[in-house]
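Participant:
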Amino acid sequence: MFKINDIQKKFGSKSVLQGISTEFPEHQTTVIVGPSGSGKTTLLRSLDLLVQPDAGTLALDDLQVDFSRPVDKKTKNEFRDQTSMVFQNWNLFPNLTILQNITVAPIYVQKVPKEQAETQARALLKEVGLSDYADVYPQELSGGQQQRISICRALAVHPKYILLDEPTSALDPEMETQVLKMLEQLAGEGQSMIVVTHNMQFAKNAADKILFLEDGQLQFDGSCADFFAHPTPRVTNFLQGIS
Ligand code: ADP
1 MFKINDIQKK
11 FGSKSVLQGI
21 STEFPEHQTT
31 VIVGPSGSGK
41 TTLLRSLDLL
51 VQPDAGTLAL
61 DDLQVDFSRP
71 VDKKTKNEFR
81 DQTSMVFQNW
91 NLFPNLTILQ
101 NITVAPIYVQ
111 KVPKEQAETQ
121 ARALLKEVGL
131 SDYADVYPQE
141 LSGGQQQRIS
151 ICRALAVHPK
161 YILLDEPTSA
171 LDPEMETQVL
181 KMLEQLAGEG
191 QSMIVVTHNM
201 QFAKNAADKI
211 LFLEDGQLQF
221 DGSCADFFAH
231 PTPRVTNFLQ
241 GIS
């Protein structure tokens, strides 16, 4: 189980996360929604220790992190063995082929034998219909294809949780659909995911749990079904505002 308790973060005098406590169930998809500037990305990055909150704790199974002290490198590494982040702009290594992009972490971080890592990477590419691109460089692929590769790269290290920060916001609608289909399939297979998104249709299709964040506070923390079936007045406004 992945849990956070009373996470607080200020940037200057601005309180961006004001005491967030929740849990992210395993084998489920938790979707984080909310207006722009509400703290979604900061929360997600805190979960991957890319941002150090000022206070609060985080626990992932036996691993415990107390943010009131600097997080040491060993803890960061142990933690990141269990989580994998997918960024908005995919961040593939431009000088590596697609196969190398997917195998670099398994080979050099996890010490998986090269042949085994490549076999697994080819299997992942086959699953997403991108086998033909194993030996080309990222710039030869569309944005949607690159984002699907970056999701394969995240999966290749067998993380407990995949964290995705607005994975389709840099894509045009057709490519967005391809990426969302892939994520819905992963959700259906029980991959534990935490996704920041503005795409409410995706939230409806794939989320088990929804967190609605506003001004750094959780205004809703519950099931996807409840979120859409019994929205609070504030959630109704939000849903109307973006649809
Ligand atoms: P969201 O993802 O919901 O749009 P963010 O987490 O990106 O929200 O940002 C929340 C607030 O924190 C915003 O006001 C943003 O300007 C501010 N913020 C985010 N990152 C930084 C930073 N590195 N330095 C200063 N302010 C930041």
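Residue numbering for the sequence shown follows UniProt numbering, beginning at 1 and increasing consecutively. Just so it is clear, CB atoms sit at the ideal spot from N, CA and C, and this is done for glycine as well. Here the structure is a predicted model, which means the values were calculated and not measured.
Is Ser84 helix, strand or coil when you go by DSSP?
Facilitator: Reduced to three states, the DSSP call for Ser84 is strand.
Participant: Answer with buried or exposed for Leu63, where buried requires no fewer than 16 other C-beta atoms within 10 angstroms of its C-beta.
Facilitator: Flag for Leu63 reads exposed.
Participant: Have a look at the DSSP bridge pairing and note the partners of Lys14.
Facilitator: According to DSSP, which records beta bridges pairwise, Lys14 is partnered with Phe11.
Participant: Can you tell me the Cα-Cα spacing of Ala207 and Asp172, whole angstroms?
Facilitator: Each residue's Cα considered, the two are about 22 Å apart.
Participant: With distances taken between CB atoms, is the gap from residue 245 to Leu164 smaller than 8 Å?
Facilitator: Only positions 1 to 243 of the chain appear in this structure, which leaves residue 245 out of reach.
Participant: Have a look at Leu99 and Glu166 and give me their C-alpha separation to the nearest angstrom.
Facilitator: Roughly 24 Å between the two C-alpha positions.
Participant: Starting from Ser223, trace the beta strand (DSSP E) both ways and give me its first and last residue.
Facilitator: Start and end: Gln217 to Ser223.
Participant: Quick test of the definition: if touching needs 3 or more C-beta pairs under 8 Å, does the segment 12-23 touch the segment 39-58?
Facilitator: Contact holds: three or more Cβ-Cβ distances are below 8 Å.
Participant: Where does Thr232 land, buried or exposed, given buried means 16+ other C-beta within 10 angstroms?
Facilitator: With fewer than 16 Cβ atoms within 10 Å of its Cβ, Thr232 is classed as exposed.
Participant: In its own chain, which residues sit with a C-beta less than 7 Å from the C-beta of Thr22, not counting the 5 before and 5 after it?
Facilitator: Excluding residues within five positions, the ones whose Cβ falls inside 7 Å are Ile4, Leu211, Leu218 and Asp221.
Participant: From Ser13 to Gly241, what distance separates their C-alpha atoms?
Facilitator: Those two C-alpha atoms are separated by around 29 Å.
Participant: Kindly examine ligand 1 and report whether one of its heavy atoms sits closer than 7 Å to the Cβ of Phe11.
Facilitator: Phe11 Cβ: within cutoff of ligand 1.
Participant: Tell me the rounded alpha-carbon separation between Thr75 and Asp215.
Facilitator: Whole-angstrom Cα-Cα distance: 30 Å.
Participant: Do Ser46 and ligand 1 come close, with the Cβ less than 7 Å from some heavy atom?
Facilitator: No, ligand 1 has no heavy atom inside 7 Å of this Cβ.
Participant: Among the residues of its own chain, which have a CB less than 8 Å from the CB of Asp135, if the five just before and after it don't count?
Facilitator: Result list for Asp135: Thr97, Ile98 and Leu99, in chain order.
Participant: Does ligand 1 have even one heavy atom less than 7 Å from the beta-carbon of Thr41?
Facilitator: Yes - ligand 1 has a heavy atom lying nearer than 7 Å to the Cβ of Thr41.
Participant: Identify whether Lys3 lies in helix, strand or coil by the three-state DSSP scheme.
Facilitator: In this structure, Lys3 counts as strand in the three-state DSSP scheme.
Participant: Ordered along the chain, which non-local residues of its own chain (more than five positions away) have a Cβ less than 8 Å from that of Asp54?
Facilitator: Within the same chain, Asp54 has close Cβ partners Gln8, Lys9, Lys10, Phe67 and Ser68.
Participant: So what's Gln191 in DSSP terms, helix, strand or just coil?
Facilitator: Note: Gln191 maps to coil in three-state DSSP.
Participant: Please report the distance separating the alpha-carbon of Asn199 from that of Ile32.
Facilitator: When rounded, the distance between both Cα atoms is 10 Å.
Participant: Could you check if residue 258 belongs to the surroundings of ligand 1, using beta carbon to heavy atom distance under 7 Å?
Facilitator: In the structure as shown, the chain starts at 1 and stops at 243, and residue 258 therefore has no counterpart that could be examined.
Participant: Please name the residue, chosen from Leu183, Lys114, Ser192 and Tyr137, that lies closest to Gln28 on a Cα-to-Cα basis.
Facilitator: Measuring from the Cα of Gln28, the nearest candidate turns out to be Ser192.
Participant: For Glu185, does the three-state DSSP call read helix, strand or coil?
Facilitator: It is Gln, not Glu, that sits at residue 185 in the sequence shown. Here Gln185 sits in helix by DSSP.
Participant: To the nearest angstrom, how far is the alpha carbon of Glu189 from that of Lys73?
Facilitator: So the alpha carbons of these two residues sit roughly 32 Å apart.
Participant: Give the list of continuous alpha helix (DSSP H) stretches no shorter than 4 residues that lie fully inside the segment 93-152.
Facilitator: For the segment 93-152, whole alpha helix (DSSP H) runs of length 4 or above, ordered along the chain, are 98-108 and 114-127.
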